[in-house]
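Written below as structure tokens is the structure these notes are about.
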């Protein structure tokens, strides 16, 4: 499964969790099992934890820093905003069908 396909599948899983409270509770309780059942391969020894943002709690996930990690501004914008970027980001274009000011790299 490519990274893009995995991202789309995770989006489907999140949508399913929003629509099905029992599924969401299973995902929060045992994310690795549910993800595996949904077709997402979990590497041996990897621990997976699902958490839910609320009106009063926001989870900020800080990815691990690697010795070779040298990200440029557009890569940082993609990580921080899920692909959202600013007009000054190289390779950025207006996002079709969205209000003015929304851009995508």
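In our numbering, the protein residues as written are 2 to 106. We put the CB at the ideal spot given by N, CA and C, even for glycine. Values in this document were obtained by computation on a predicted structure and should not be read as measured data.
Closest Cα partner of residue i within the set the options
i	options	result
residue 40	27, 10, 4 and 5	10
Bounding residues of the alpha helix (DSSP H) (the contiguous stretch that carries residue i)
i	result
residue 51	Per DSSP, residue 51 belongs to no alpha helix (DSSP H) and is neither H nor E.
residue 9	4-20
residue 38	32-38
Presumed contact (8 Å Cβ cut-off) between residue i and residue j, rounded CB distance
i	j	result
residue 18	residue 25	4 Å
Close beta carbons around residue i, own chain, < 7 Å, minus the five adjacent residues each side
i	result
residue 27	35
residue 37	43
residue 21	none
residue 60	52 and 54
Cβ-based neighbour list, residue i, same chain, cut-off 8 Å, excluding 5 preceding and 5 following
i	result
residue 55	none
residue 14	28, 35, 36, 39 and 41
residue 8	none
residue 2	10, 40, 41 and 42
Stretch-stretch touch, CB-based, cutoff 8 Å, three pairs: the segment 47-55 with the segment 28-37: yes
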